[in-house]
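Participant:
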Amino acid sequence: MKITLFSTAEHACSYLKNQQAVSHFVAPQQQNLPFVYNLLSQQGFRRSGDHIYQPSCRSCKECIPVRLPVDDFMPSKSQKRCIKKNRRLKMISNNHPEFESYMPLYRKYINSRHTDGDMYPANLEQFKQFLHSSWCETLALEWYLEEELVAVAFTDVLADSLSAIYTIFDPELSRYSLGTFAITQQVEMAKHMHRKYLYLGFWIKPCRVMSYKGNFRPIECFQNDHWQRFNKKDA
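In the numbering used here, each number is its position in the sequence shown, counted from 1, plus 8.
In structure tokens form, the structure reads like this:
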């Protein structure tokens, strides 16, 4: 099957200051996009809206695609405490994400965590363009604390894996580590759905908001055109 890729022009990197970014992306008219997405996920590609892309920067290789082999995942002591702390939360899996109803939480999250990013100020159209796809199955995992929505994780369903796209949560509940909790529960969801991997996107060590992905073990990193497993913290 022929897959046509294009490249973006250089633009300011969203993650690292003073860096220029370039991405490869699949031609929008590409046929059988669900199949292509599943195939290219195994090569480190991601989805944003209807676009499948991968960073291909000329002078920087900090964006490392990572995934968790779910059957081998072992939560750390702190992650076990996080799971226990959130045992009161009720989860609902929604296969028709309700972006309008998530908007208050999304706005609260962006206004607290990402005022210096591309998503600020938060608006519904941008929110949907980022996460909704016309051809991809996406679950919205919703967590409630006493009937109040406190977190939503958007997860793509692939043939042999899940792909964690984005998580929003109530920043006033930082003591609950809801971002970490959401990843552990997506691992459990992947196991329940008999998927092998949970893709986490890009591990960017110099970027504070992206470096947390290195806290999960074992983790597999896509480098030099193949996946390498790391079991310890020294990856």
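Glycine is no exception: its CB is placed at the ideal position from the N, C-alpha and C atoms.
Enumerate in chain order the residues of its own chain whose CB-to-CB distance from serine 185 is below 7 Å, with the five nearest sequence positions on each side excluded.
Facilitator: Excluding sequence neighbours, serine 185 sits near Cys90.
Participant: Under the rule that 16 or more other beta-carbon atoms within 10 Å means buried, what is alanine 148, buried or exposed?
Facilitator: By the 10 Å Cβ count, alanine 148 comes out buried.
Participant: With DSSP collapsed to three states, give me the class of alanine 159.
Facilitator: The answer is strand: DSSP assigns alanine 159 an E or B state.
Participant: Does the structure place the region 146-160 close enough to the region 60-68 that three or more beta carbon pairs sit under 8 Å?
Facilitator: Cβ pair count under 8 Å is below three, so no.
Participant: Note down the Cα distance separating threonine 175 from glutamine 194, rounded to an integer number of angstroms.
Facilitator: Computed Cα separation, rounded: 11 Å.
Participant: So, do the region 167-174 and the region 119-128 have three or more beta carbon pairs nearer to each other than 8 Å?
Facilitator: Taking 8 Å as the limit for Cβ pairs, the verdict is that the region 119-128 does not touch the region 167-174.
Participant: Does the Cβ-Cβ distance between glycine 31 and glycine 125 come in under 8 Å?
Facilitator: In the sequence as presented, glycine is not what sits at residue 31; that position holds serine. No.
Participant: Tell me whether glutamine 51 is buried or exposed, calling it buried when 16 or more other Cβ atoms sit within 10 Å of its Cβ.
Facilitator: By the neighbour-count rule (16 or more Cβ atoms within 10 Å), glutamine 51 is not buried but exposed.
Participant: Output the boundary residues of the beta strand (DSSP E) element that contains isoleucine 176.
Facilitator: Counting along the chain, the beta strand (DSSP E) containing isoleucine 176 begins and ends at 169-177.
Participant: Check each candidate in Gly57, Val74, Leu139 and Pro42 and name the one with the smallest Cα separation from arginine 225.
Facilitator: It is Val74.
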